[in-house]
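Chains as they are written, first to last, in the working numbering: chain A, 1 to 260; chain B, 1001 to 1411; chain C, 2001 to 2315.
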Ligand SMILES: Nc1ncnc2c1ncn2[C@@H]1O[C@H](COP(=O)(O)OP(=O)(O)OP(=O)(O)O)[C@@H](O)[C@H]1O
Ligand SMILES: [Mg+2]
């Protein structure tokens, strides 16, 4: 993958995503800022997850899916012919809606990703650093060899974050990372994101308006086209602009809860 | 933070390429397991076909062409009798006449008599199909040298006559008629027992049983375990219960039939019925489970009792699944051998089974006995019988699949 | 208005006492009948235990037989009153071990390929092959072992070293017979692993191979273990292949090139002849069958227990 200095962490150009003949996401042009948190919001089914998963080519696993347009990382199109999806995912990590630790020990959950990606260094240090980075170290340092399944949902989700940062990606994608968690755990994840943005670019999908307003620096508002049922980004700006002086009436209705 | 400990740039590319290569090699290994399965299956089927057709070298005591002017097959009944009279000694002829008057016998029987008593074929050597096809001249040379008087003929051991003639102690004349009929009877009795009992048990477990109650959990676990009991154990059960303890019933003595012991079709059929029972229950349970709850609730909603909802809604919708499962159970029953050896399939029966209270033989038993014989010609008819059995199974399974595709409803 | 009027007519004919619980004799009879039928299946197990146990007891009570001899001796010669089960167990163990060594690696590989790699079209071709293999009667496998695999082995190994009847051929063919069972149970276990684990692995830069062998496979391990156990139970209980291909000499040996008779083959051969009821020989068959039943039952129970536990893990 060729490195070229780009002012943006990731950029899309005329991006459309299809499932078979159905165009789930249409014509998205976004410039995601480096080391900032970008929130993607919008009503259910408008293609937020689809767009997010396109960033690290997780949609490759849906056989019918297809992409047109470009997603540029350092000026390289991630969907270019010569691009290997495994390398893409090594640079762009992902945290899922439901915590999905491997049925292995806490330690192994972090070490596995590092190992397959050819990590050459002190594994114990990496595990500790990653767990510290995910604000989990103090809670689990005495039970690293225990099954990750023994952790609470919130702890599991932080373990998944630790696992993602252990392979040192540039960007971390999060699809409703707190939707399966209680308010306290949610708060911890949000604090963690503020910590993480010092080193990583974060893109988060959320249904929670307060959360988007609280944690993100930028917000992309997605909405369905009335006639085609395709989703697109109708407004993208700094979060405070979106929440205080949105340009689009639909955005205003949505963020103030008067929509639908 | 720990940084730059991962391969980057060219290193990363090389590293990923290496990982892909490893993955590719393993994928080939995984695939080769399936190739081995395909090769084994092909070898098995080809081996059977190879055995069931091919050249045979044989001798006659009397050449059929010298017996009559027309080919034997075209002779009328009277002409056949005439041939018998002309070629058999007077004593032998009279004996046959005394057993059953020749005029009262069928043409097929007379034809067989001529072949067995007059022509007296003797098989000297059999050759498998593929050798027969590709090394014809070598075979001809070999036969000419070893058996100067022998004739060489391409023979299909599987023939219409093979299906319609009964057992014979000579492989050349043996057929699977008795065994085929025996198999049909057996499957019929087995399913007549297993279907009502199995479906009843399934209805109880799916529709009535309280899943948490101890008794019902035991019944369920027990059915799952029965499905894993080796078939030979069912044979022992059948031997002790049907053949011996219930001999009065299974031998037909209760109904005035006195010429058999307990080793009858009835015993075998019931044994097989018990063997396939767990299969029927489990399949019927699956079929009933697939009927959505909304149907039952709709029935209850208009005031139906539980049995009314089962009888008019659940069962009709589950029927294709139940039938499919029963056909699969029948194909299991038709291929089983071990329990029947134990229950006491006969080694030599030539009379068609007329009732459940007769001695019996079935296809797999014939295959077993013929395979176990040392002579090649018996292996050849074993192969032919295997083809019959496999075609029968194929028909069963094709019916099951058709049923499933035709009637299966996606909810 | 109309609706209200209608309701009134209903009300006039509505008599609350109809709501009283009625005794529906038919319904109860049907339920009772079905329960009895369900219970009948337990009766099958009970009778297996009673029948086998009863005759086996007669066998063990016979003065010619001692428990110690049965479980310790390696000689099985009924004619001179030698009843050492090890002579038969050795052959059962040898053939089953060969079968498992063939079936587990092949079945597991096939399952991984089918569930993780195969395209829809490849599956549509490959799956039926396994289903056909699973549907072939064992007596046909016996024919195949004796008349194809054995000659082949004799060609390869040398006919002076391996006999017409040998355990190797029977074991190998038994492995092919069990392969579809192992592969379909393993495939179930692999596909029961939630997709979220695969996604997690991919999202960390794993290749599909790494995800399936290092994440999915270990997660499905207990289910695969259950498959192996059921496979063992099938191998131990299999009769026809060994009866046809592995010979009729009850000999204590673990050498796969030799002929030896398994527990099942022995039962089949002896009971095939017309053995008089009530003799020690006759009863000994029930003792062997009882052993078989208990061993396979234990294996099946363990396997089911593992499967249940495994399912709970991901629910
Ligand atoms: N695997 C798939 N195959 C086909 N269509 C899909 C698939 N996944 C999603 N879709 C369709 O794409 C559209 C967008 O789905 P997506 O999951 O991206 O929505 P979302 O905005 O994330 O919704 P939610 O807020 O409910 O998570 C929907 O119409 C959905 O039905
Ligand atoms: Mg979503």
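Virtual Cβ for every residue (Gly too), placed ideally from N, Cα, C.
*If you run the structure through DSSP and keep just helix, strand and coil, what is residue 2210(C)?*
Locating residue 2210(C) in the third chain gives position 210, counting from the first residue. Of the three classes helix, strand and coil, the one that applies to residue 2210(C) here is helix, per DSSP.
*Using the rule of at least 16 other Cβ atoms within 10 Å of the residue's Cβ for burial, across every protein chain shown, is residue 1213(B) buried or exposed?*
Counting from 1 along the second chain, the entry for residue 1213(B) is found at position 213. By the neighbour-count rule (16 or more Cβ atoms within 10 Å), residue 1213(B) is not buried but exposed.
*Just how far apart, CA to CA, sit residue 15(A) and residue 28(A)?*
Taking the first chain and counting its residues from 1, the one referred to as residue 15(A) is at position 15. Taking the first chain and counting its residues from 1, the one referred to as residue 28(A) is at position 28. Looking at the two C-alpha atoms, the distance is approximately 5 angstroms.
_Under 7 angstroms from the C-beta of residue 2207(C): neighbouring residues of chain A_ = On the third chain, residue 2207(C) is found 207 positions in, with the first residue counted as 1. Per Cβ cutoff of 7 angstroms: 86.
*Taking Cβ to Cβ, would you say residue 10(A) is nearer than 9 angstroms to residue 72(A)?*
The sequence position of residue 10(A) within the first chain is 10, counting from 1. The sequence position of residue 72(A) within the first chain is 72, counting from 1. Yes, the Cβ-Cβ distance between residue 10(A) and residue 72(A) is below 9 angstroms.
*Is residue 176(A) near ligand 2, going by C-beta to nearest heavy atom under 8 angstroms?*
Taking the first residue of the first chain as 1, we reach residue 176(A) at position 176. Yes, Cβ of residue 176(A) sits closer than 8 angstroms to a heavy atom of ligand 2.
*Is residue 1290(B) helix, strand or coil when you go by DSSP?*
Against the second chain, residue 1290(B) aligns to sequence position 290. In the structure shown, residue 1290(B) sits in coil (DSSP, three-state: anything other than H, G, I, E or B).
_When you compare the CB positions of residue 157(A) and residue 135(A), do they come within less than 9 angstroms of one another, or not?_
Walking along the first chain from the start, residue 157(A) turns up at place 157. Walking along the first chain from the start, residue 135(A) turns up at place 135. Not closer than 9 angstroms, so no.
*So what does DSSP say about residue 1122(B), is it helix, strand or coil?*
Indexing the second chain from 1 puts residue 1122(B) at position 122. If DSSP states are grouped into helix, strand and coil, residue 1122(B) belongs with the strands.
*Is residue 986(B) near residue 1321(B), with beta carbons less than 9 angstroms apart?*
Here chain B has residues from 1001 to 1411 only, and residue 986(B) is not among them.
*Could you check the C-alpha separation between residue 1210(B) and residue 1298(B) for me, to the nearest Å?*
Counting from one through the second chain, the residue named residue 1210(B) turns up at place 210. Counting from one through the second chain, the residue named residue 1298(B) turns up at place 298. The straight-line gap from Cα to Cα measures roughly 21 angstroms.
*Which same chain residues, not among the five before or five after residue 1234(B), have their C-beta less than 7 angstroms away from its C-beta?*
For the purposes of this step, residue 1234(B) is taken as the residue at position 234 of the second chain. Result list for residue 1234(B): 1271, 1274, 1275 and 1339, in chain order.
*Would you give the residue range spanned by the alpha helix (DSSP H) that residue 1142(B) belongs to?*
The residue labelled residue 1142(B) in the question sits at position 142 within the second chain. Here the alpha helix (DSSP H) through residue 1142(B) covers 1136-1146.
*How many whole angstroms separate the CB atoms of residue 2362(C) and residue 2261(C), which I take to be in contact at a CB cut-off of 8 angstroms?*
Outside the modelled stretch of chain C, which goes from 2001 to 2315, sits residue 2362(C), for which no answer is possible.
*Closest by CA to residue 227(A), which one among 6(A), 26(A) and 19(A)?*
If you number the first chain from 1, residue 227(A) lands on position 227. Looking at the Cα atoms, 26(A) is the closest of the given residues.
*asked:* To the nearest angstrom, how far is the alpha carbon of residue 61(A) from that of residue 112(A)?
replied: Here the question's residue 61(A) lines up with position 61 in the first chain. Here the question's residue 112(A) lines up with position 112 in the first chain. Cα to Cα, the separation comes out at about 21 angstroms.
*Check each residue's C-beta against every heavy atom of ligand 1 and list, in chain order, those closer than 5 angstroms.*
A residue is listed when its beta-carbon falls short of 5 angstroms from at least one non-hydrogen atom of ligand 1; in chain order these are 19(A), 24(A), 44(A), 45(A), 46(A), 47(A), 48(A), 49(A), 50(A) and 62(A).
_Where residue 9(A) falls: helix, strand or coil (DSSP)_ = The residue given as residue 9(A) occupies position 9 in the first chain. Strand.
_Considering only DSSP beta bridges, list what residue 1059(B) is partnered with._
As a first step, residue 1059(B) is located in the second chain; it is residue number 59 there, counting from the start. Answer is 1122(B), bridged to residue 1059(B).
*Closer than 8 angstroms: is that where the CB of residue 205(A) sits relative to any heavy atom of ligand 2?*
The count along the first chain starts at 1 and reaches residue 205(A) at position 205. Yes, Cβ of residue 205(A) sits closer than 8 angstroms to a heavy atom of ligand 2.
_N- and C-terminal bounds of the beta strand (DSSP E) containing residue 2263(C)_ = One-based indexing of the third chain puts residue 2263(C) at position 263. That residue, residue 2263(C), is in no beta strand (DSSP E); its alpha helix (DSSP H) goes 2263-2272.
*If the cut is a Cβ gap below 9 angstroms, which residues of chain A does residue 2307(C) touch?*
Position 307 of the third chain, counted from the start, is the residue given in the question as residue 2307(C). Under the 9 angstroms cutoff, chain A gives no residues; its nearest Cβ is about 16 angstroms from residue 2307(C).
*For residue 146(A), which residues of its own chain have a beta-carbon under 7 angstroms away from its beta-carbon, when the five flanking residues on both sides are left out?*
Against the first chain, residue 146(A) aligns to sequence position 146. These residues qualify, in order along the chain: 105 and 106.
*Alpha carbon to alpha carbon, how far is residue 2301(C) from residue 1126(B)?*
Stepping through the third chain from its first residue, residue 2301(C) is reached at position 301. Stepping through the second chain from its first residue, residue 1126(B) is reached at position 126. Cα to Cα, residue 2301(C) sits roughly 49 angstroms from residue 1126(B).
*Is it true that the region 1003-1021 of chain B meets the region 229-247 of chain A, where meeting means three or more beta-carbon pairs spaced less than 8 angstroms apart?*
no
*So, is the C-beta of residue 1(A) closer than 9 angstroms to a C-beta in chain B?*
To locate residue 1(A), count along the first chain from 1; it is residue 1. At residue 1(A) the pLDDT is 44, less than 50, meaning the model places this residue with poor confidence and gives no usable figure here.
*asked:* Do residue 1334(B) and residue 1364(B) count as a contact pair if the criterion is CB distance below 9 angstroms?
replied: As a working note, residue 1364(B) is residue 364 in the second chain. As a working note, residue 1334(B) is residue 334 in the second chain. Contact flag set, yes.
*Provide the residue span of the beta strand (DSSP E) that contains residue 1154(B), from first to last.*
Here the question's residue 1154(B) lines up with position 154 in the second chain. Its beta strand (DSSP E) spans residues 1151-1156.
*With a cut-off of 9 angstroms, does the C-beta of residue 1139(B) fall near any C-beta of chain C?*
Taking the first residue of the second chain as position 1, residue 1139(B) is located at position 139. No, because no Cβ of chain C sits closer than 9 angstroms to the Cβ of residue 1139(B).
*How about the region 1228-1248 of chain B and the region 1309-1320 of chain B: do they share at least three Cβ pairs that are nearer than 8 angstroms?*
Counting Cβ pairs under 8 angstroms, fewer than three are found: no touch.
*Helix, strand or coil at residue 1095(B) [DSSP, three-state]*: The residue you call residue 1095(B) lines up with position 95 of the second chain. Looking at residue 1095(B) - three-state DSSP - the assignment turns out to be helix.
*Could you say which of 235(A), 44(A), 65(A) and 144(A) lies nearest to residue 20(A) if we only look at CA atoms?*
Sequence index remark: in the first chain, residue 20(A) carries index 20 (1-based). Residue 20(A) has its Cα closest to that of 65(A), out of 235(A), 44(A), 65(A) and 144(A).
*Work out the CA separation of residue 2280(C) and residue 985(B) for me, nearest whole Å.*
Nothing can be reported for residue 985(B), as the shown portion of chain B is limited to 1001 through 1411.
*For the beta strand (DSSP E) holding residue 262(A), just list the boundary residues, first then last.*
Past the edges of chain A, shown from 1 to 260, lies residue 262(A), and the structure says nothing about it.
_Endpoints, beta strand (DSSP E) assigned at residue 1176(B)_ = For the purposes of this step, residue 1176(B) is taken as residue 176 along the second chain, with counting starting at 1. Counting along the chain, residue 1176(B) falls outside any beta strand (DSSP E), and DSSP gives it neither H nor E.
*Does DSSP classify residue 333(A) as helix, strand or coil?*
Examination of residue 333(A) is not possible in this model, given that chain A is present from 1 through 260 alone.
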